[in-house]
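In the numbering used here, the protein residues as written are 1042 to 1801. A short write-up of the structure that comes next.
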């Protein structure tokens, strides 16, 4: 159906939502700026971390690369694709590996923020059926999607287009699932925490806007960068209206109506995204323009602003606190220990597993050095170890501990829509702690190397440093977990209290506005002061619960009074130095050769996951690639007579190809693709655009291997010519269908030798 008539109502609704949000944002921007300047002046007395923090974790590396099959909706066929996951965790899908090596444009760039990774067609159909109520295929009719193997991987999004993949084995499926989930986890965390003003202003504005609509509690779609989050905010209100208006107009069988609805939702999401980006960028620019003047006022009148804020808070406290304390005593206090225990068990098991995986990897490395010997082996192992935190499969045993998190009846009582927010946050902390431990270990080892004599000295030194790092890890792990528990308890209880108190308190807040001096109205808000009073009403109970857990040494938590004296006073100075490049520093090559090797390595696929199982037949026979500069054949065209065989489409063809592979029948016209990562030896071509984007109990750990990816250019949804937005940054980007013409470079694109990385 033509969507021209939708452009105007979609733009109108988007403008209305964004108008209200931008008003909230401008208010919160002044408050966040004041808090930032005050923090800068007053500082804080939190415990100093013992582990070092790496500034550039994955420079010049690719997380993963390999082959899998992708379903192309436009021609309803399955095609094999080569997928690269660069260090920004975007999914970059190429025609095949040779296309990647020749620097041809990728087929699709996917930002996975807001997506769910599904490994069952039934799971997917359940979500699709619920997205358009009343439209469910009758039993016996073909579903919307058929998978040629028993191992699908589906990326589902409530608003944007869906992506369908499959692989040949269950083991591959698990590995790809780990990779995709890592991408989703990273892209969901798209709002930079380094921003001390814009990030808190944005998240507080989102919260205030939703509370103005009587929506309290956690929100699952706070995913991705600011524009993606705002697009989700608009779609949350817009989609039900669209469903009511468009649902009855859809024609055809149930499957066709579902497919059309998905296309319409995706097209509308793109329209919303483009308008949202323009409007949000404009309000950001306006706030930045006013920032110098606002900051000058804050620094000049800091004491007066603080005095005015405390006076306001005292008046609100006298009015709100008695009611809040009764509410806390009756509805929150009895459940704090239960919530904390539910959070502590899986989280602490996950951090214990991080410790165990780190210990195992270093111990295995040490044993291998004893058996194989030499600095050369150490360099090889250290290059792998330095990326352990970003190895999706090795870290999976840590992440999956959080799957046990269940709040059960507490979830309904406190209106927690999903525990995914807490799971994801804990998993991000796990990855960061693993990388901090690895980086501290390699920094200390690097410092020792010049003093060591022989293999025995090296092994003893590794063991000694490992023990030191584990002590530091235990201390930092306890600090990080206690902070996480406090924040999670506040995230669960504060919205509940605000909702309970709203009928008796919220309507009375307007009378406190007159207590704020007009000159300071940009930095002090009644609503924020009210929330701080509510927070204070429950904070004492939360702090006490976490403190008691630490005093009882539950889950290896340290008491707050325990301070680890810094046994390495110069360690943090070492962390400020130039990042260690083990291969470059200890390779023994002349400097000129090193520079050339470094350039070559920057272009090759350096996947963290190495293939340990040999070749899997994702590219069977001779799938020819045209020479650079030649036009690429379009996906919908049938192959000309005599043309090289294309990739298999149906189950029968795929299985037939497998038989041929096992019999050794296939023609080796081009190198076979392994199901993991192969090093490229081609001379470095021009740089590519990059896909963008956002202890205790020991548990045995399994070893990983590597699999394979793919994707294809979607054609625009029917009838979206009017007001059709660009594909950039909305969850995918389509590459032009030409030979070597490079895709458009969006603003903020960074280039390195590994893959396509576009700012989402």
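Every residue gets a Cβ at the ideal spot worked out from N, C-alpha and C, and that includes glycine.
Look up residue i in the DSSP assignment and give the residues it is bridged to.
i: residue 1107; result: 1124
i: residue 1118; result: 1113
i: residue 1135; result: 1123
What do you reckon, are the CB atoms on residue i and residue j nearer than 9 Å?
i: residue 1469; j: residue 1530; result: no
i: residue 1343; j: residue 1069; result: no
i: residue 1457; j: residue 1448; result: yes
i: residue 1052; j: residue 1385; result: no
i: residue 1467; j: residue 1443; result: yes
i: residue 1007; j: residue 1493; result: Because residue 1007 is not part of the residues shown, which for the chain are 1042 to 1801, the question remains open.
i: residue 1112; j: residue 1224; result: no
i: residue 1803; j: residue 1598; result: The displayed coordinates of the chain run from 1042 to 1801. Any statement about residue 1803 would go beyond what the structure contains.
i: residue 1287; j: residue 1202; result: no
i: residue 1205; j: residue 1114; result: yes
i: residue 1253; j: residue 1283; result: no
i: residue 1155; j: residue 1320; result: no
i: residue 1159; j: residue 1173; result: no
i: residue 1496; j: residue 1410; result: yes
i: residue 1406; j: residue 1503; result: yes
i: residue 1123; j: residue 1132; result: no
i: residue 1127; j: residue 1162; result: no
i: residue 1216; j: residue 1565; result: no
i: residue 1238; j: residue 1110; result: no
i: residue 1553; j: residue 1426; result: no
i: residue 1391; j: residue 1471; result: yes
i: residue 1257; j: residue 1539; result: yes
i: residue 1267; j: residue 1232; result: yes
i: residue 1227; j: residue 1480; result: no
i: residue 1059; j: residue 1316; result: yes
With respect to the alpha helix (DSSP H) encompassing residue i, which residues constitute its N-terminal and C-terminal limits?
i: residue 1503; result: 1495–1546
i: residue 1046; result: Element bounds for residue 1046: n/a, residue is neither H nor E.
i: residue 1206; result: First-last for residue 1206: 1204–1208, but that is the beta strand (DSSP E), not the alpha helix (DSSP H).
i: residue 1157; result: Per DSSP, residue 1157 belongs to no alpha helix (DSSP H); it is in the beta strand (DSSP E), 1157–1159.
i: residue 1416; result: 1416–1426
i: residue 1486; result: 1461–1489
i: residue 1236; result: Run containing residue 1236: none; DSSP gives neither H nor E here.
i: residue 1226; result: 1211–1229
i: residue 1185; result: From DSSP, residue 1185 is part of no alpha helix (DSSP H); its letter is neither H nor E.
i: residue 1586; result: 1567–1592
i: residue 1255; result: Residue 1255 -> no alpha helix (DSSP H), and no H or E assigned at all.
i: residue 1200; result: Unbroken run through residue 1200: none, as it is neither H nor E.
i: residue 1325; result: 1295–1341
i: residue 1405; result: 1374–1413
i: residue 1599; result: That residue, residue 1599, is in no alpha helix (DSSP H); it is neither H nor E in DSSP.
i: residue 1287; result: 1267–1287
i: residue 1038; result: Residue coverage of the chain in this structure runs from 1042 to 1801, which leaves residue 1038 outside it and unanswerable.
i: residue 1439; result: 1437–1440
i: residue 1167; result: 1162–1172
Just checking my contact of residue i with residue j at CB under 8 Å: how many whole Å lie between their CB atoms?
i: residue 1563; j: residue 1276; result: Between residue 1276 and residue 1563 the Cβ distance is about 31 Å, and since that is not below 8 Å, they are no contact.
i: residue 1451; j: residue 1460; result: Their Cβ separation, rounded to whole angstroms, is 10 Å, which puts residue 1451 and residue 1460 out of contact at 8 Å.
i: residue 1280; j: residue 1054; result: Contact doesn't hold; Cβ gap of about 10 Å is too wide.
i: residue 1517; j: residue 1091; result: 5 Å
i: residue 1378; j: residue 1586; result: 6 Å
i: residue 1579; j: residue 1534; result: 5 Å
i: residue 1482; j: residue 1510; result: 5 Å
i: residue 1437; j: residue 1219; result: 4 Å
Where do the N-terminal and C-terminal ends of the beta strand (DSSP E) with residue i fall, by residue?
i: residue 1195; result: 1192–1197
Below 8 Å, is the gap between the Cβ of residue i and the nearest heavy atom of the ligand FMN?
i: residue 1583; result: Ligands are entirely absent from the displayed structure, and the ligand FMN is therefore not among its contents.
Please determine if the stretch 1191–1198 and the stretch 1246–1261 are in contact, where contact requires at least 3 C-beta pairs separated by less than 8 Å. The stretch 1191–1198 makes no contact with the stretch 1246–1261; the number of CB pairs closer than 8 Å stays below 3.
Examine the Cβ distances between the stretch 1268–1275 and the stretch 1287–1305 and report whether three or more of them are shorter than 8 Å. Output reads no: the stretch 1287–1305 does not touch the stretch 1268–1275.
Kindly confirm or deny that the stretch 1146–1154 and the stretch 1239–1249 touch, where touching means at least three C-beta pairs closer than 8 Å. no
Does the count of Cβ pairs from the stretch 1565–1579 and the stretch 1400–1411 closer than 8 Å reach three? no
Cβ contact (3+ pairs, closer than 8 Å) linking the stretch 1053–1068 and the stretch 1318–1328: yes
Would you call the stretch 1343–1363 in contact with the stretch 1091–1106, where contact means no fewer than 3 C-beta pairs closer than 8 Å? no
For the stretch 1548–1563 and the stretch 1366–1375, state whether three or more C-beta atom pairs, one from each stretch, are separated by less than 8 Å. no
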